[in-house]
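Presented below is the structure to which this report refers.
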């Protein structure tokens with residue numbers, strides 16, 4: 030697929046006018062980030078897959094009504110977040126993070142860390158253990174902190190975009206991120222040998 034210099038907003042508007050190629054470019058740019066955001070807050074890959082399909086279906090259905098009221102990324106993550114909230118309400122369950130298995134997404138993050146054949150088995154196990162510790166630490170964050178952290182780190186959203194998406198103030202998002210990072214740092218420091 031060729032690199033396209035148009036902004037996400039321009040591509041979405043072009044898609045609304047009938048350009049399937051514009052959608053393919055948007056999908057290519059955002060598919061992995063949206064999937065990672067969903068799978069890290071769902072109770073299984075099957076649920077994440079279902080929500081992922083729903084998010085993109087909603088993008089397809091909204092293509093003709095789309096207007097540039099915010100950045101495309103904010104609009105897209107709002108769809109994903111709202112779909113998660115709908116799911117949690119229907120399930121009446123607390124959101125959790127799952128460590129994806131190899132079949133859950135294109136690459137297993139634990140195995141991706143250990144992909145180099147030159148590494149010794151002990152180093153591979155150490156790296157896998159570190160990845161599991163990080164995933165566990167992120168999972169243990171309070172919901173609001175975890176959401177802000179994942180939107181920022183996985184989604185690449187700015188503090189202002191997260192504030193718009195989650196409908197809280199700029200300072201609240203900064204505070205959630207600051208507490209999340211401090212908590213992660215403290216937990217991961219405790220785990221060092």
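Numbering (our numbering), first residue to last: 30 to 222. Just so you know, even glycine gets a beta-carbon here, dropped at the ideal spot from N, CA and C.
Does the stretch 198–218 come within contact of the stretch 168–188, defined as at least 3 CB pairs closer than 8 Å? yes
Per-residue burial, residue 114 [other beta carbons within 10 Å of its own, 16 or more giving buried]: The residue given as residue 114 occupies position 85 in the chain shown. That one is exposed.
Using three-state DSSP, classify residue 170 as helix, strand or coil. The residue you call residue 170 lines up with position 141 of the chain shown. In the structure shown, residue 170 sits in coil (DSSP, three-state: anything other than H, G, I, E or B).
So residue 44 and residue 52 are in contact, right, with Cβ under 8 Å, and what is the actual spacing, rounded? Locating residue 44 in the chain shown gives position 15, where the first residue counts as 1. Locating residue 52 in the chain shown gives position 23, where the first residue counts as 1. Right, their Cβ atoms sit about 4 Å apart.
Near residue 228, which residues of its chain fall below 8 Å by C-beta distance, leaving aside the five closest residues on each side in sequence? Past the boundaries of the shown model lies residue 228; the chain is included only from 30 to 222, so the question cannot be answered.
When the Cα of residue 85 is compared with those of 94, 71, 109, 186, which residue comes out closest? In the chain shown, residue 85 corresponds to position 56, counting from 1. Answer by Cα proximity: 109.
When you compare only the Cα positions, how much space is there between residue 197 and residue 75? Residue mapping note: residue 197 aligns to position 168 of the chain shown, counting from 1. Residue mapping note: residue 75 aligns to position 46 of the chain shown, counting from 1. Cα-Cα distance, rounded: 30 Å.
What are the boundary residues of the alpha helix (DSSP H) that residue 206 is part of? Within the chain shown, numbered from 1, the residue matching residue 206 stands at position 177. 199–219 is the span of the alpha helix (DSSP H), which, as asked, contains residue 206.
How many angstroms separate the CA atom of residue 135 from the CA atom of residue 60? For the purposes of this step, residue 135 is taken as residue 106 along the chain shown, with counting starting at 1. For the purposes of this step, residue 60 is taken as residue 31 along the chain shown, with counting starting at 1. Its pLDDT being 48, under 50, residue 135 is placed unreliably by the model, and nothing is read from it.
Take residue 102 as the anchor and find which of 219, 162, 210, 186 has the nearest alpha-carbon. Mapped onto the chain shown, residue 102 falls at position 73. Of the listed residues, the one whose Cα sits closest to residue 102 is 186.
Three-state secondary structure (DSSP) of residue 76: Position 47 of the chain shown holds residue 76. Correct three-state label for residue 76: helix.
Please work out which residues of its chain come closer than 6 Å, Cβ to Cβ, to residue 38, disregarding the five sequence neighbours upstream and downstream, and give them in chain order. Numbered from 1 along the chain shown, position 9 holds the residue referred to as residue 38. Closer than 6 Å at the Cβ level, and outside the excluded window around residue 38, lie 97, 101.
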